[in-house]
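Asks: Below: one structure in structure tokens.
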């Protein structure tokens, strides 16, 4: 669904009250070119996409942090976002039997195919039990 001006303003009013996130004219006057979602809003929208797509069913146990977060282009009112995640590496955790660490690269594009967000982070996941063959 497209990002609405109302959503942008509501998020910004609460969490990032800068003029370019609150007012269309201020957004147009900025380097962003229009009413633009906060980068944190963009990240939050992608977090919801990941939760709905796989995190809620993947037995995720948390994340130790974010290694990379880049907001490449502004997300403007009316934009539609599509995100995907790629596994970069995975390994069992030595300190926690039955747990693994998976490092992901995440990319979010707008409806024009422009990259708006890139991030990389690791997630702790419960591992599947080994089965005897």
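In full-length UniProt numbering, the protein residues as written are 1 to 133. Ideal placement from N, C-alpha and C gives every residue a C-beta, glycine not left out.
(1) Among residues of its own chain, excluding the 5 on either side of residue 15, which ones have a beta-carbon nearer than 8 Å to its beta-carbon?
(2) Residue 105 and residue 88 look like a contact to me (Cβ under 8 Å); what is the Cβ gap, rounded to whole Å?
(3) Are there 16 or more other CB atoms within 10 angstroms of the CB of residue 98, so buried, or fewer, so exposed?
(4) Go ahead and pull the three-state DSSP assignment for residue 37.
(5) Tell me the DSSP bridge mates of residue 91?
(6) Within 10 angstroms of its Cβ, does residue 64 collect 16 or more other Cβ (buried), or is it exposed?
(7) Since I believe residue 36 is in contact with residue 49 (beta carbons under 8 Å), could you give me their beta-carbon distance rounded to a whole number of angstroms?
(8) Got a sec? Which residues, its chain only, sit under 6 Å from residue 123 by beta carbon, not counting five neighbours each side?
(9) Taking the beta carbon of residue 31 as the centre, do at least 16 other beta carbons fall within 10 Å, making it buried, or is it exposed?
(10) Could you compute how far the alpha carbon of residue 72 sits from the alpha carbon of residue 108?
Replies: In brief:
(1) On the chain shown, position 15 is the one that residue 15 refers to. For residue 15, where only same-chain residues beyond five positions count, the Cβ hits under 8 Å are 38, 40, 41.
(2) Reading the chain shown from its first residue, position 105 is the one you call residue 105. Reading the chain shown from its first residue, position 88 is the one you call residue 88. Their Cβ separation, rounded to whole angstroms, is 5 Å, which keeps residue 105 and residue 88 in contact under 8 Å.
(3) Reading the chain shown from its first residue, position 98 is the one you call residue 98. Result: exposed.
(4) The residue labelled residue 37 in the question sits at position 37 within the chain shown. The answer is coil: DSSP assigns residue 37 none of H, G, I, E or B.
(5) Here residue 91 is taken as the residue at index 91 of the chain shown, counted from 1. Per DSSP, 101.
(6) Along the chain shown, one-based indexing puts residue 64 at 64. Residue 64 comes out exposed.
(7) As a first step, residue 49 must be located in the chain shown, where it is residue number 49. As a first step, residue 36 must be located in the chain shown, where it is residue number 36. The Cβ separation is near 19 Å, so there is no contact.
(8) Numbered from its first residue, the chain shown carries residue 123 at position 123. Hits under 6 Å: 60, 63, 102.
(9) Counted from its first residue, the chain shown places residue 31 at position 31. Per the 10 Å Cβ criterion, exposed.
(10) By one-based count along the chain shown, residue 72 stands at place 72. By one-based count along the chain shown, residue 108 stands at place 108. In a straight line, the C-alpha of residue 72 is about 10 Å away from that of residue 108.
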